[in-house]
Every structure is written in C-alpha cells, then in structure tokens.
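Working notes, beginning with the structure itself.
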Amino acid sequence: MDLKYTRKNVYKQADGKELEKIYQFAEGYKSFLDSSKTERDAAITAKKLAEQNGFKPFSFSEKLKAGDKRYFINRHKNVFLISVGKEDIAKDGVRIMVAHVDSPRLDLKPNPMYEDSGLCYFKTHYYGGIKKYQWTAMPLALHGVVMLRGGERREICVGEDDGDPIFCITDILPHLGAEQSAKPLAKAIDGESLNAVIGALPSVDEEEEKECVKSAILKLLNKKYGFTEVDLQCSELCFVPAGKARDVGFDGALISSYGHDDKVCAYPEMKAIFDYDSPHTVVAVFADKEEVGSDGTTGMQSKVISDVIETIANSFGANPIEVRYNSKCISADVTAGYDPAFASAFEKRNTTFINCGAAVSKYTGARGKSSTNDADAEYMGWLRDIFEDNGVIWQTGELGAVDIGGGGTVAKFIANLGIDTVDVGVPVLSMHAPYELISKADVYSLYKACLAFIK
109 MDLKYTRKNV YKQADGKELE KIYQFAEGYK SFLDSSKTER DAAITAKKLA EQNGFKPFSF
169 SEKLKAGDKR YFINRHKNVF LISVGKEDIA KDGVRIMVAH VDSPRLDLKP NPMYEDSGLC
229 YFKTHYYGGI KKYQWTAMPL ALHGVVMLRG GERREICVGE DDGDPIFCIT DILPHLGAEQ
289 SAKPLAKAID GESLNAVIGA LPSVDEEEEK ECVKSAILKL LNKKYGFTEV DLQCSELCFV
349 PAGKARDVGF DGALISSYGH DDKVCAYPEM KAIFDYDSPH TVVAVFADKE EVGSDGTTGM
409 QSKVISDVIE TIANSFGANP IEVRYNSKCI SADVTAGYDP AFASAFEKRN TTFINCGAAV
469 SKYTGARGKS STNDADAEYM GWLRDIFEDN GVIWQTGELG AVDIGGGGTV AKFIANLGID
529 TVDVGVPVLS MHAPYELISK ADVYSLYKAC LAFIK
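In this note's numbering, the protein residues as written are 109 to 563.
What follows is the structure in structure tokens.
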C-alpha cells in the first residue's frame with residue numbers, strides 16, 4: 109500500500125496498445141470538434157451519432173422499458189441521451205453525466221450590419237468570458253440560423269471549408285498603437301469594437317450612393333439564403349474561430365482547438381453511453397448556456413432534466429423524488445491545467461496537470477467557495493473506489509490558487525435537485541481562448557472514467 113499520494117502520468121503508464129487506443133480515440137474526438145463548433149452544431153452531430161447507435165426519439169408521454177435507448181433534442185441546443193437499464197430505478201436511481209456544448213464566442217447583435225468608409229461590418233456582442241484582444245486579427249467563421257417569415261429556417265455556415273471566405277476583426281498596427289499599448293490589457297480592446305469585416309465590394313447600381321457595399325452584401329445574402337436585413341432580428345448567428353482541430357507538438361500528444369471547453373467532456377460521455385450497455389439507467393446530457401449562467405429553456409437551471417427523470421420514473425411506477433435522491437451525477441467540465449508560464453496563478457499541490465488523467469474537482473466556486481457544489485466525502489469515496497477498481501488514472505485539483513479568481517460549473521444546479529454530484533473533467537491550457545490545448549491522454553482517461561461510472 110502506498111502511503112503517499114503520487115500523481116501518475118498517463119503516457120508513462122501506457123503500453124503500446126494503450127497508446128494506440130489513446131491516439132485512435134483522439135481522432136474521433138477531433139472529428140466531433142470539427143462538426144460541433146456551436147451548441148446547435150453539437151446537437152445535430154449528437155442526433156446523427158445517436159441514430160447510428162440505435163437511439164430513437166424520446167417522448168414525454170412514452171412508457172419506457174428496460175433496453176430502450178432514446179434521444180431528446182430540446183430546442184435544437186440541448187441534448188439528452190437515455191439508456192434504460194434493468195436495475196430497479198427506485199433503489200438504483202439514474203446515473204447522470206452532464207457536459208455543456210456552448211463555448212465563448214461572438215454573437216451578432218439584433219441589428220448587426222453597417223457600412224463605414226467603404227467597408228461593411230457585422231456588430232457583435234461577446235458571449236461568455238473572453239479576453240477581447242484574442243479575437244482580433246484572426247480568421248473567423250459564421251455559424252447559425254436565420255428564421256424567415258412563415259417559419260422557414262436557413263442554416264448558415266461560412267468559413268469552415270477550404271473554398272469559403274473567412275471574416276476578421278481588425279487591430280491597429282504597432283506603428284500607430286502607442287495609445288492602445290499604454291492601456292491595461294483588459295481595456296486595450298473594448299466590446300463595441302469587436303466588429304467583423306464582411307465585405308468591401310460596392311454595388312454597381314448608380315442610384316445607390318450611400319451604403320453601397322452594404323446593399324451589395326444584402327443582395328448576395330438574399331440571393332443565396334433568401335433573407336433580408338430585418339430577418340437578422342430573428343436569427344442566432346455567431347462568429348467562432350475558423351479551422352479544424354490540430355495535433356500539437358512533434359509527438360502529437362496534445363490537441364489545439366476551439367471549444368475544448370466543454371466538448372472535451374461531452375464526447376467521452378457520449379461515447380461511453382454508446383459503447384457500453386449499462387445495467388443502470390443512464391442519462392447523458394449536453395447542456396447549453398453554461399458559459400452565461402445556465403439560465404433559459406436550454407440551460408441546466410431549466411426544469412427539463414427533472415421532467416426527463418420524472419418520465420423515466422413514471423414508466424416504472426416509481427416515485428420521482430425517490431429516484432432523484434438515489435441518483436448520482438458526474439458534472440463533466442474542464443478545469444485549469446497547471447501552466448508553468450503562469451505558475452503564480454496556481455497552488456501546485458492542489459492543481460491538475462496535463463497528461464495526468466481525469467480531473468476531479470470536489471468543489472469549484474470563487475474565493476471562499478462562493479457559488480459552489482461541494483461534494484461530500486462519502487460520494488468522493490464511492491467515486492474513488494469505482495475509478496480505482498476500473499483502472500482509471502485520475503487526479504484532484506482546484507481552479508487556481510485561493511483568492512486568485514475561480515469559476516463554476518453546472519454541478520450546483522444538479523446538486524440542488526438532491527442528486528449527489530461532483531465535477532470530473534479534463535485539464536485545459538489557454539482556457540476560453542480561441543484555441544485551447546488538451547492532452548489526448550486526459551480525454552481518453554475521462555472516457556474510461558465515464559465507462560466506470562455507468563458500469
């Protein structure tokens with residue numbers, strides 16, 4: 109018996125076969141990332157994969173039975189995958205895995221289009237916690253939907269294919285940027301200046317002297333998609349970084365991509381429910397709105413998860429309250445991996461490290477554990493046992509040093525329902541940047557943790 113705690117490096121523990129599995133798993137994950145830039149994209153991808161794995165649409169009026177596999181898409185942005193097991197649901201409860209599929213981005217304002225000095229722009233309103241300067245002078249893609257009169261929907265995705273144009277937010281050249289450079293980093297770029305260039309070719313119509321570039325762009329959009337400027341008021345469009353997930357380093361041990369937070373947790377939980385026919389009833393959730401507080405119809409503060417559990421319970425004549433209180437949840441969300449370039453932000457003994465496995469955070473919150481879910485010792489002990497019994501390499505850590513800052517997840521909203529919950533995720537470098545870094549070993553370790561949880 110080891111009396112001292114020693115953090116393990118997954119790559120050092122892996123033999124040739126395990127290393128091959130890690131790298132193969134990463135390829136599937138990268139494909140998921142590339143097709144799931146936004147929560148709407150992720151819902152489309154999840155539905156397609158669910159159907160390929162034998163899942164059928166869920167109905168709240170349906171009476172479920174053991175062996176049923178269902179999916180429910182809540183308003184195009186929030187996904188539930190349901191696998192009904194053979195265990196007595198009243199005593200066993202539900203094994204719940206939750207991750208969110210929204211990520212920081214730049215949403216278009218309701219009236220976004222304008223022209224200035226021969227350039228046409230879309231105005232944006234940033235979504236989630238970002239460093240604004242990171243979003244300038246880089247290629248952006250436009251994703252989302254526009255609703256036309258009568259309920260017609262137009263899907264928009266421009267900037268991802270090699271032949272597509274991209275979009276860009278300009279920055280001032282260093283030769284003229286002395287005033288900007290003198291400002292604090294947080295104020296060098298303000299939110300109202302995050303406006304993306306979308307065109308510069310004026311209309312040839314001689315009658316149009318004002319906003320002739322804007323007029324030309326509107327004609328192009330109307331011809332291709334059939335919408336007018338007023339239709340943008342009934343749209344959900346956003347800019348995200350253009351491009352695909354890429355391996356990092358000569359050894360390809362890391363992955364750089366937009367949206368690791370939190371699709372790096374969504375993919376392992378989805379693969380686990382697809383790959384293993386659990387005796388327990390399992391619900392995997394892809395949540396929306398986590399980055400802005402989990403409010404709204406598709407966030408984890410909505411009643412939908414309770415409604416799903418109640419529907420499952422009623423199918424077997426069980427008391428929904430009893431089912432909830434006997435359920436267990438892992439709130440799969442990322443945490444800040446130790447970055448030696450910014451060592452002062454961490455307390456090294458209580459942080460998570462890249463390559464050292466699934467990251468368990470007993471509590472999140474800020475400063476004095478404000479706004480946290482703090483898992484109890486009994487649940488931590490139960491989870492530790494199933495991880496170690498199933499060969500899962502895992503580590504514990506906090507989100508930075510005390511009083512440096514902090515952050516939250518959806519864990520507290522599930523715990524508020526009386527369900528034992530703890531955060532289990534993946535360490536991330538450059539979190540909330542347009543391109544984040546994770547370890548292939550860690551995402552594979554989380555997959556093994558999800559499998560152990562539902563066994």
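Beta carbons: idealized from backbone N, C-alpha and C, even for Gly. Predicted model only: the values in this text are computed from it and were never measured.
Problem - beta strand (DSSP E) segments (min. 3 residues) lying fully within the stretch 297-351 - result: Whole beta strand (DSSP E) segments, 3+ residues: 303-307 and 343-349.
Handout entry: Simplified DSSP assignment, three categories, for V532
Key = In the three-state scheme derived from DSSP, where H, G and I count as helix and E and B as strand, V532 is classed as strand.
Practice task
Indicate whether A158 and S439 have their beta-carbon atoms separated by less than 9 Å.
Solution key: Not a contact, by the Cβ cut-off of 9 Å.
Practice task
Quick one: which unbroken beta strand (DSSP E) runs of 3-plus residues sit fully inside the stretch 154-189? Chain order, please.
Solution key: Complete beta strand (DSSP E) runs here, min 3: 177-182.
Handout entry: From K129, D176, L284 and K145, residue whose alpha carbon lies closest to that of F382
Key = Minimum Cα distance to F382 is reached at D176.
Exercise for the section: Please report the residue range of the alpha helix (DSSP H) in which R492 lies. Expected result: A485 to D497 is the extent of the alpha helix (DSSP H) around R492.
Exercise for the section: Give the range of the beta strand (DSSP E) segment to which R432 is assigned. Expected result: For R432, no beta strand (DSSP E) run applies; the uninterrupted alpha helix (DSSP H) run containing it begins and ends at P428 to Y433, by DSSP.
Handout entry: Secondary structure of T459, DSSP reduced to three states
Key = Judged by DSSP in its simplified three-state form, T459 adopts coil rather than helix or strand.
Problem - Where the beta strand (DSSP E) containing G252 begins and where it ends - result: Counting along the chain, G252 sits inside the beta strand (DSSP E) bounded by residues L248 to M255.
Handout entry: Inter-residue spacing [alpha-carbon to alpha-carbon] between I297 and F275
Key = Using only the alpha carbons, I get a separation of about 18 Å.
Exercise for the section: Closer than 8 Å by C-beta to A308: which residues in its own chain qualify, once you throw out the five before and the five after it? Chain order, please. Expected result: Once the five neighbours on either side are set aside, the close Cβ partners of A308 are G226, L227, C228 and V321.
Handout entry: Inter-residue spacing [alpha-carbon to alpha-carbon] between K129 and R203
Key = For the pair K129 and R203, the Cα-to-Cα distance works out to about 25 Å.
Handout entry: Span of the alpha helix (DSSP H) around D415
Key = Start and end: V412 to S423.
Exercise for the section: From the DSSP output, in three-state form, read off F133 for me. Expected result: Looking at F133 - three-state DSSP - the assignment turns out to be helix.
Practice task
Could you check how far apart the C-beta atoms of V209 and D396 are, in whole angstroms? I think they sit under 8 Å.
Solution key: Going by Cβ atoms, the distance from V209 to D396 rounds to 7 Å, so yes, they are a contact pair.
Exercise for the section: Note down, in chain order, each residue of its chain lying with its Cβ closer than 7 Å to the Cβ of D149, except the 5 sequence neighbours on either side. Expected result: So the list reads S143 and H251, once near-sequence residues are dropped.
Practice task
Pull up the distance between the alpha-carbon of I152 and that of P165, whole angstroms please.
Solution key: Taking the straight line joining both Cα atoms gives about 13 Å.
Problem - Bounding residues of the beta strand (DSSP E) (the contiguous stretch that carries C558) - result: Here C558 belongs to no beta strand (DSSP E); instead the alpha helix (DSSP H) covers K548 to I562.
Exercise for the section: Answer with buried or exposed for K145, where buried requires no fewer than 16 other C-beta atoms within 10 angstroms of its C-beta. Expected result: By the 10 Å Cβ count, K145 comes out buried.
Exercise for the section: Identify every residue that forms a DSSP beta bridge with L214. Expected result: Answer by DSSP bridge pairing, in chain order: Y234 and F347.
Problem - Cβ pair L189, V390 closer than 9 Å - result: The Cβ atoms of L189 and V390 lie closer than 9 Å to each other.
Exercise for the section: Would you tell me roughly how many angstroms separate the C-alpha atoms of V398 and S410, rounded to the nearest one? Expected result: Reading off the sequence, residue 398 comes out as Glu, not Val. Spanning the two alpha carbons is a distance of roughly 12 Å.
Exercise for the section: Hey, could you find the ends of the alpha helix (DSSP H) V209 is sitting in? Expected result: Looking at the DSSP string, V209 is not in any alpha helix (DSSP H), and its letter there is neither H nor E.
Handout entry: Residue burial classification, E147 (beta-carbon count within 10 angstroms, cutoff 16)
Key = Counting the other Cβ atoms within 10 Å of the Cβ of E147 gives 16 or more, which makes it buried.
Problem - Where the beta strand (DSSP E) containing K436 begins and where it ends - result: Run containing K436: K436 to S439, per the beta strand (DSSP E) assignment.
Problem - Assumed close pair T405, R183 - CB separation to whole angstroms, cut-off 8 Å - result: The pair is a contact, with the Cβ atoms about 6 Å apart (cut-off 8 Å).
Problem - First through last residue of the beta strand (DSSP E) which encompasses Q503 - result: In the DSSP annotation of this structure, the continuous segment of the beta strand (DSSP E) that includes Q503 starts and ends at W502 to T504.
Handout entry: Per-residue burial, K185 [other beta carbons within 10 Å of its own, 16 or more giving buried]
Key = Using a 10 angstroms sphere on the CB of K185, the tally of other CB atoms reaches 16 or more, which defines it as buried.
Practice task
To the nearest angstrom, report how far apart A426 and A198 are at their CA atoms.
Solution key: Between A426 and A198, the C-alpha separation is close to 6 Å.
Practice task
State the beta-bridge partners of M221 as determined by DSSP.
Solution key: In DSSP, M221 forms a bridge with F230.
Exercise for the section: Could you round the C-beta distance between A490 and A557 to whole angstroms and report it? I think they count as a contact, below 8 Å. Expected result: Sequence inspection shows Trp at residue 490; the Ala mentioned does not correspond to that position. Rounded to whole angstroms, the Cβ separation of W490 and A557 is 13 Å, and the two are not in contact under 8 Å.
Exercise for the section: Tell me, to the nearest whole angstrom, how far the beta carbon of A535 is from that of A467; I am working on the premise that it is less than 8 Å. Expected result: Residue 535 is actually Pro in this sequence, not Ala. Right, their Cβ atoms sit about 5 Å apart.
Practice task
List the DSSP bridge partners of E544.
Solution key: E544 is bridged to S365.
Problem - E287: first and last residue of the uninterrupted alpha helix (DSSP H) it sits in - result: The continuous alpha helix (DSSP H) containing E287 extends over residues A286 to S289.
Exercise for the section: Buried or exposed for I420, please, with buried defined as at least 16 other CB atoms from any protein chain shown within 10 angstroms of its CB. Expected result: The residue is buried, with at least 16 neighbouring Cβ atoms inside 10 Å.
Handout entry: Three-state class that DSSP yields for C373 in the structure shown
Key = It is helical.
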